[in-house]
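Let me begin by presenting the structure, written as structure tokens, before commenting on it.
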Amino acid sequence: MNSLYAARRRRNGLAMVLSVTATLFGIGWLALILGALLWEGLSGLSLSVFTEMTPPPGAAGGLLNPIVGSLILTVLAVLIGTPIGILAGTYMAEYGRYSPLTSIVRFINDILLSAPSIVVGLFIYEVMVAPMGHFSGLAGAVALAVIVIPVVVRTTEDMLLLVPNPLREAAAALGLPRVVVIGRVCYRAAKAGMVTGVLLAIARISGETAPLLFTGLNNQFWSLNLDAPMASLPVVIFQFALSPYKEWQQLAWTGALIITFTVLALSIIARMLSATRKQS
Amino acid sequence: MQSAGRRPVVDVVLNGDAAAIGAVPTRAKTLDRLRWGDALFHQLTRAAAVGVLIVLSGVIISLIHGSLPALRAFGFNFLVEDRWNPVTEKFGALAPIYGTIITAFLAMLIAVPIGLLISVFLTELCPLWLRRPIGIAIELLAGIPSIIYGIWGLFVFAPFLQQTLQPFLIDVFGYIPGLSLLFAGPPYGIGVLTAGLILAIMVLPFITSISRDVFEAVPPVLKEAAYGVGCTTWEVVRYVVLPYARVGVIGGVMLGLGRALGETMAVTFVIGNAHRISASILAPGTTISATIANEFTEAVGDLYTSALIALGLILFAITFIVLAAARYMLLRIERRIG
Chain A
135 MNSLYAARRR RNGLAMVLSV TATLFGIGWL ALILGALLWE GLSGLSLSVF TEMTPPPGAA
195 GGLLNPIVGS LILTVLAVLI GTPIGILAGT YMAEYGRYSP LTSIVRFIND ILLSAPSIVV
255 GLFIYEVMVA PMGHFSGLAG AVALAVIVIP VVVRTTEDML LLVPNPLREA AAALGLPRVV
315 VIGRVCYRAA KAGMVTGVLL AIARISGETA PLLFTGLNNQ FWSLNLDAPM ASLPVVIFQF
375 ALSPYKEWQQ LAWTGALIIT FTVLALSIIA RMLSATRKQS
Chain B
22 MQSAGRRPVV DVVLNGDAAA IGAVPTRAKT LDRLRWGDAL FHQLTRAAAV GVLIVLSGVI
82 ISLIHGSLPA LRAFGFNFLV EDRWNPVTEK FGALAPIYGT IITAFLAMLI AVPIGLLISV
142 FLTELCPLWL RRPIGIAIEL LAGIPSIIYG IWGLFVFAPF LQQTLQPFLI DVFGYIPGLS
202 LLFAGPPYGI GVLTAGLILA IMVLPFITSI SRDVFEAVPP VLKEAAYGVG CTTWEVVRYV
262 VLPYARVGVI GGVMLGLGRA LGETMAVTFV IGNAHRISAS ILAPGTTISA TIANEFTEAV
322 GDLYTSALIA LGLILFAITF IVLAAARYML LRIERRIG
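For the protein sequence lines, the chains are A and B, in the order given. So the number in this note's numbering is just where the residue sits in the first sequence, counting from 1, plus 134. So the number in this note's numbering is just where the residue sits in the second sequence, counting from 1, plus 21.
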């Protein structure tokens with residue numbers, strides 16, 4: 135009897151030690167990756183990174199055109215994707231809460247949410263780049279918008295579903311039509327959550343590389359033309375990191391540092407927004 | 022203010038005192054406008070919802086359309102042929118399909134037990150004040166863009182593996198019949214094993230956060246009853262929590278698998294991009310997404326492009342099935358929780 139108990143205690147102890155080890159292991163990777171980024175990226179971080187163009191091989195330079203390109207692509211993608219996402223999410227949570235269309239859209243949206251992003255790139259290549267005959271910044275922005283939509287749809291629907299029904303009923307009892315109830319009551323109540331969704335979407339697309347490879351392509355020069363290939367930070371990192379030139383590799387690390395901390399800052403802000411909402 | 026009680030409140034709310042009593046035409050017009058606005062907004066949101074469906078069908082149709090030339094040229098052989106020769110325009114998808122599956126399998130082999138153990142720690146052992154920070158740290162791993170994993174994997178992780186883990190594996194297993202095939206060849210650093218390990222780190226947060234959520238949804242009464250009859254923490258987890266949360270855990274694992282199958286940039290950096298099927302997990306290989314990412318912009322000729330799009334179609338089909346199954350299972354557990 136005693137030996138059985140000892141064996142159970144031992145097995146329990148072993149399992150618990152393993153679970154602590156696993157947690158340390160998981161957090162260890164985060165520390166290792168962030169540490170390597172800081173170590174390799176900080177040494178290359180200087181003002182010239184933000185003021186100079188990408189250099190030819192073997193020369194010094196900066197990341198100005200990819201940074202600006204990434205900003206343009208991200209803003210455009212959010213401008214295209216957010217309204218569609220919010221409208222679709224609104225339909226699913228408000229007008230069509232019980233319609234069969236909603237459950238189909240929810241299922242499809244969840245698939246799109248985790249579909250491989252390179253497939254999105256192929257899709258936009260087929261419908262935009264191939265017919266137009268050349269790569270363009272606009273195609274890159276649309277590809278990113280396709281990634282924004284499911285994120286925003288999901289959070290908008292979830293947040294609107296959290297708005298208590300008595301609020302809607304109270305507004306409806308005043309004689310307000312649905313559109314005013316949604317606009318002035320539901321959106322206001324769900325605002326923090328919906329902003330969180332948009333922030334998460336921005337965080338998601340600012341590091342996306344695969345869908346840009348054959349839509350926005352890349353551009354070594356300063357270009358704001360949406361009809362021409364446009365540089366973007368992730369694609370430049372991809373190209374520079376795999377090159378044999380030391381200067382390019384250094385710039386790739388610096389770019390990686392910039393992206394990572396932008397993304398982490400965005401997701402921490404999003405988390406803080408949703409945390410304050412839960413407490414209040 | 023004498024009149025607020027006698028007018029429909031909607032007028033008061035929307036127009037303040039602008040809609041005077043008895044101004045019937047104005048009021049009718051306002052109500053009409055609101056009705057129109059409502060119908061318009063209804064249709065607008067509906068159109069956006071249908072738009073989401075159109076995007077997905079657009080993806081499927083465009084992939085099928087783009088891959089038709091290759092599928093016509095090679096037929097079913099495309100799936101089982103392992104040659105990939107752009108010069109003679111002979112394309113077969115077997116090597117990338119094999120690479121995709123083997124790297125995802127390796128990743129799951131490592132990430133599933135570790136992810137489950139972390140969730141056990143977070144739900145059963147961890148002091149309350151530590152739960153949130155650790156949970157966030159793990160989820161931040163999911164937020165790091167995949168290109169960062171790629172550059173880190175290529176410059177930091179692969180050289181590290183080349184000097185430590187890989188020679189160790191070769192030393193230990195290199196002389197055992199059977200296993201020696203798995204660990205044959207020199208330690209390159211990059212290769213199938215490295216890609217699998219990086220994927221494991223990347224899907225770890227997905228598995229952890231979902232299994233933590235389903236573990237937390239286990240009714241406390243069940244656990245308390247088990248503790249009450251004298252079960253150890255491990256026994257509670259093994260015989261109460263896991264069976265109850267099984268469907269949800271499987272759903273989370275499938276979701277992670279979907280990610281691992283479709284992951285592009287990180288794998289492209291570290292897998293070595295060699296179109297061949299090798300028994301050794303130390304050898305370079307390729308995956309569907311890495312092949313597309315590497316070759317698409319350089320593909321000359323319609324057949325080459327089409328073969329790459331056909332690869333994309335296969336990838337989409339595989340992940341669609343995996344993700345649909347994951348969603349179905351998570352839906353089942355959501356219903357049970359209520």
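Cβ atoms here follow ideal geometry from the backbone N, Cα and C, with glycine treated the same way.
Go through its chain and collect everything with a Cβ distance to residue i's Cβ below 7 angstroms, but skip five positions before and after it.
i	result
residue 396 of chain A	340
residue 356 of chain A	187, 199
residue 335 of chain B	114, 118, 309
residue 152 of chain A	none
residue 236 of chain B	140, 144, 262, 266
residue 333 of chain B	84, 313
residue 318 of chain B	none
Would residue i pass as an interface residue toward chain B - the criterion being a Cβ-Cβ separation below 8 angstroms?
i	result
residue 397 of chain A	yes
residue 356 of chain A	no
residue 184 of chain A	no
residue 205 of chain A	no
residue 154 of chain A	yes
residue 368 of chain A	yes
residue 143 of chain A	yes
residue 261 of chain A	yes
residue 214 of chain A	no
residue 401 of chain A	yes
Identify, in the order they occur along the chain, each residue of the same chain with its Cβ nearer than 6 angstroms to the Cβ of residue i, setting aside the five sequence neighbours on each side.
i	result
residue 304 of chain B	206, 212
residue 388 of chain A	175, 178, 179, 183
residue 360 of chain A	271, 272
Looking at the structure shown, is residue i part of a helix, part of a strand, or coil, going by DSSP?
i	result
residue 106 of chain B	strand
residue 204 of chain B	coil
residue 97 of chain B	coil
residue 355 of chain A	coil
residue 269 of chain A	coil
residue 112 of chain B	strand
residue 141 of chain A	helix
residue 60 of chain B	helix
residue 225 of chain B	helix
residue 255 of chain A	helix
residue 26 of chain B	For residue 26 of chain B, the predicted structure reports a pLDDT of 45, less than 50, and the residue's modelled location is therefore unreliable. A value from the coordinates is still provided. Residue state, collapsed to three classes: coil.
residue 284 of chain B	coil
residue 348 of chain B	helix
Does residue i have its Cβ less than 8 angstroms from a Cβ in chain A?
i	result
residue 306 of chain B	no
residue 255 of chain B	yes
residue 275 of chain B	no
residue 285 of chain B	yes
residue 126 of chain B	no
residue 356 of chain B	no
residue 25 of chain B	Note on residue 25 of chain B: pLDDT 43, under 50, position unreliable in the model; the coordinate value appears next. Chain A contact via Cβ: absent.
residue 296 of chain B	no
residue 133 of chain B	no
residue 195 of chain B	no
residue 168 of chain B	yes
residue 182 of chain B	no
residue 56 of chain B	yes
residue 246 of chain B	no
residue 243 of chain B	no
Chain B partners of residue i, CB-CB under 7 angstroms?
i	result
residue 225 of chain A	66, 67, 69, 70
residue 243 of chain A	73
residue 172 of chain A	Near residue 172 of chain A there are no residues of chain B at all, since even the closest Cβ is about 12 angstroms away, more than 7 angstroms.
residue 303 of chain A	Within 7 angstroms Cβ-Cβ: nothing; residue 303 of chain A doesn't reach chain B, min ~14 angstroms.
Taking C-beta pairs closer than 8 angstroms, name the residues in chain B that residue i reaches, listed in chain order.
i	result
residue 136 of chain A	Near residue 136 of chain A there are no residues of chain B at all, since even the closest Cβ is about 14 angstroms away, more than 8 angstroms.
residue 229 of chain A	63, 66, 67
residue 222 of chain A	66, 69, 70, 72, 73
residue 146 of chain A	253, 254, 255, 256
In chain A, what lies closer than 9 angstroms to residue i by C-beta?
i	result
residue 59 of chain B	311, 312, 313, 314
Less than 8 angstroms between C-beta atoms, sequence neighbours within five positions excluded: which residues of the same chain meet that for residue i?
i	result
residue 193 of chain A	381
residue 275 of chain B	343, 344, 346, 347, 350
residue 383 of chain A	374, 375, 377
residue 215 of chain A	278, 279, 280, 281, 282, 283, 286, 335
Residues of chain B with CB under 9 angstroms from residue i, in chain order?
i	result
residue 250 of chain A	279, 280, 282, 283, 284, 285, 309, 310, 333, 336, 337, 340
Strictly below 7 angstroms CB to CB, what residues from chain A border residue i?
i	result
residue 232 of chain B	Here the premise fails: no neighbours, minimum Cβ distance about 12 angstroms.
residue 93 of chain B	Here the premise fails: no neighbours, minimum Cβ distance about 17 angstroms.
Given that residue i touches chain A, what residues does it touch there, using C-beta distances under 8 angstroms?
i	result
residue 105 of chain B	The premise fails here: residue 105 of chain B is roughly 17 angstroms from chain A at the closest Cβ pair, so nothing lies under 8 angstroms.
Beta carbons nearer than 7 angstroms to chain A: which residues of the region 134-164 of chain B have them?
Correct list: 135, 138, 139, 141, 142, 146, 155, 157, 158, 159, 161, 162, 164.
With 8 angstroms as the limit, tell me which residues of the region 337-356 of chain A have their beta carbon closer than that to any beta carbon of chain B; keep them in chain order.
337, 340, 341, 342, 343, 344, 347, 348, 351
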